[in-house]
Amino acid sequence: MQQPPNPNQPSQPWSNQPWDDQTQAQIPYQGAGQYPPYQQPFYGSQQSPTYISPGQFANTPPPPPPPHIGPGQPQPYSRPYGGLILATLILVYVAAWIIGFAGMSGITTSLILGLIVSLLIIDWRGFTSLQDLIKWKQMRGSKRFWLGLLFICTFYIMLGIYLCRACIPTQPATVAYKPRSRGRSAVGLVVGTVLTMFFMLIAASNPSAAKTSAGQTVVQGTVQIQSSPTATRQKSAVITPTTSISVSPTAVPTIVATSVPASTPTIEPTQVPTVVPTQPPMPTPTVAPTQPPAHTGVNGNPWGYDFNSSGNKISDPPAEFCNYFSCIKSFWNGTGYVIECQDNTFSKSGGNQGSCSHHGGDKATLFSH
């Protein structure tokens with residue numbers, strides 16, 4: 005049933021704008037999409053929309069924008085190979101060091117060079133920058149040159165630093181990894197393996213080449229040694245034909261035909277007597293008479309003084325006596341013969357009462373021969 009108009013309400017012209025019952029005013033027109041479905045206003049005589057309770061359909065949030073990378077920030081980077089290839093590279097690097105410490109430097113060099121070639125093919129940027137540790141673009145002048153020279157001279161160590169940094173994830177989780185190229189990794193591994201085997205063959209061929217050159221030197225020396233007697237024999241045949249008969253029968257026709265074809269007649273081998281050169285007897289060596297060795301006495305004295313009682317007692321020793329024997333202070337004041345005291349000193353008071361009394365007593369008598 006239609007209600008009568010309210011006299012207190014001002015008359016409003018008919019409009020298709022929605023009417024707010026609380027404020028008794030028309031709702032201004034809003035474009036579509038400004039309200040969620042449960043708050044969408046009704047306009048005009050169109051059919052009333054179905055009201056939806058809040059929370060029945062959640063609004064899907066837009067995906068977050070990709071992180072902005074400024075000009076001064078490093079570009080995101082990840083190694084273009086998997087963990088299995090990285091583990092293989094690390095094992096080869098460690099094995100190269102172990103083999104190098106064992107003394108096989110040729111195999112070590114081959115493995116390291118093969119690793120470097122593989123990494124240059126698979127991950128050129130990561131290896132040369134050590135996983136963005138070295139900022140080559142930010143360096144200028146001599147600093148870049150000296151750092152590059154240091155990198156080349158210490159490539160053994162730089163390779164280990166790169167492998168260590170490759171094990172550490174240096175990329176945020178929000179940034180997607182770059183797609184890995186399996187074909188490039190396979191090519192790098194194959195080329196590195198082939199070069200490693202090639203370098204190993206070169207290292208293994210060096211000892212054999214050295215042995216071959218040494219063998220050639222020995223053979224050449226042998227030829228020279230064998231050729232010199234031949235020349236000597238030819239010369240001796242020209243100078244003294246009679247002495248050349250002692251050579252082997254095969255050499256006699258050659259010597260006769262080439263050396264003296266005009267000066268000497270052809271001698272038949274049956275008519276040539278074999279002359280054996282007589283050697284003069286060896287002179288008997290003159291044997292020089294052997295002189296008996298000089299007798300050396302105690303303490304190496306030149307007079308031959310010793311403790312053999314078959315000699316004579318020494319009452320008047322020479323002036324250089326104390327240069328060879330340890331004399332007591334009053335040695336030259338003694339009036340007897342030379343004796344040795346218990347403390348290994350020598351006194352000239354032998355035969356007197358109280359000799360060597362201050363040196364432990366008499367020990368032995370010194371004799372001359």
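In the numbering used here, the protein residues as written are 5 to 373.
Glycine is no exception: its CB is placed at the ideal position from the N, C-alpha and C atoms.
Query, Result
"Just checking my contact of residue 159 with residue 125 at CB under 8 Å: how many whole Å lie between their CB atoms?", "The Cβ separation is near 16 Å, so there is no contact."
"Pull up the CB-CB distance for residue 341 and residue 317, whole angstroms please, since I reckon it's below 8 Å.", "4 Å"
"Just to confirm the assignment, what range does the alpha helix (DSSP H) spanning residue 116 have?", "109-126"
"What does a CB cutoff of less than 6 Å around residue 162 pick up in its chain, not counting 5 residues either side in sequence?", "155"
"Per the contact definition of three or more C-beta pairs closer than 8 Å, is the region 190-209 in contact with the region 106-120?", "yes"
"Consult DSSP for residue 197 and reduce its assignment to one of helix, strand or coil.", "helix"
"Between the C-alpha atoms of residue 103 and residue 196, what's the straight-line distance to the nearest angstrom?", "18 Å"
"Output the residue ranges of the alpha helix (DSSP H) runs that lie fully inside the region 124-152 and measure 4 residues or longer, sorted by chain position.", "128-133"
"Residue 343 and residue 353 - do their beta-carbons sit closer together than 9 Å?", "yes"
"With a CB to CB cut of under 7 Å and the five nearest residues on each side skipped, what residues in its chain are close to residue 191?", "125"
"Could you check if residue 172 is buried or exposed, using at least 16 other CB atoms within 10 Å of its CB as the buried criterion?", "exposed"
"I need the straight-line Cα distance from residue 328 to residue 288, nearest angstrom please.", "45 Å"
"Here's the rule I'm using: 16 or more other beta-carbon atoms within 10 Å means buried, otherwise exposed. How should residue 345 be labelled?", "buried"
"Exposed or buried, residue 170, counting other C-beta atoms within 10 Å across all chains shown (16 or more means buried)?", "buried"
"Suppose the cutoff is 8 Å on Cβ atoms and the five residues either side in sequence are ignored; what does the same chain contact list for residue 151 look like?", "138 and 143"
"Under 9 Å, do residue 309 and residue 351 count as touching if we go by C-beta distance?", "no"
"Quick one: residues in its chain with C-beta nearer than 6 Å to the C-beta of residue 356, no 5 flanking neighbours on either side, listed in chain order?", "340"
"Taking only three categories from DSSP, how would you classify residue 106?", "coil"
"How is the beta strand (DSSP E) around residue 354 delimited, first residue to last?", "350-354"
"What's the gap between the Cα of residue 314 and the Cα of residue 337?", "26 Å"
"For residue 368, which residues does DSSP report across the bridge?", "344"
"Work out the CA separation of residue 145 and residue 109 for me, nearest whole Å.", "36 Å"
"Hey, would you say residue 134 sits closer than 9 Å to residue 165, going by beta carbons?", "yes"
"Report the residue from 107, 122 and 198 whose alpha carbon sits nearest the alpha carbon of residue 189.", "122"
"Just how far apart, CA to CA, sit residue 129 and residue 97?", "20 Å"
"Which of helix, strand or coil does DSSP assign to residue 171?", "coil"
"Less than 7 Å between C-beta atoms, sequence neighbours within five positions excluded: which residues of the same chain meet that for residue 324?", "none"
"On the DSSP bridge list, what partners appear for residue 331?", "350"
"Taking all protein chains shown into account, decide if residue 360 is buried (16 or more other Cβ within 10 angstroms of its Cβ) or exposed.", "buried"
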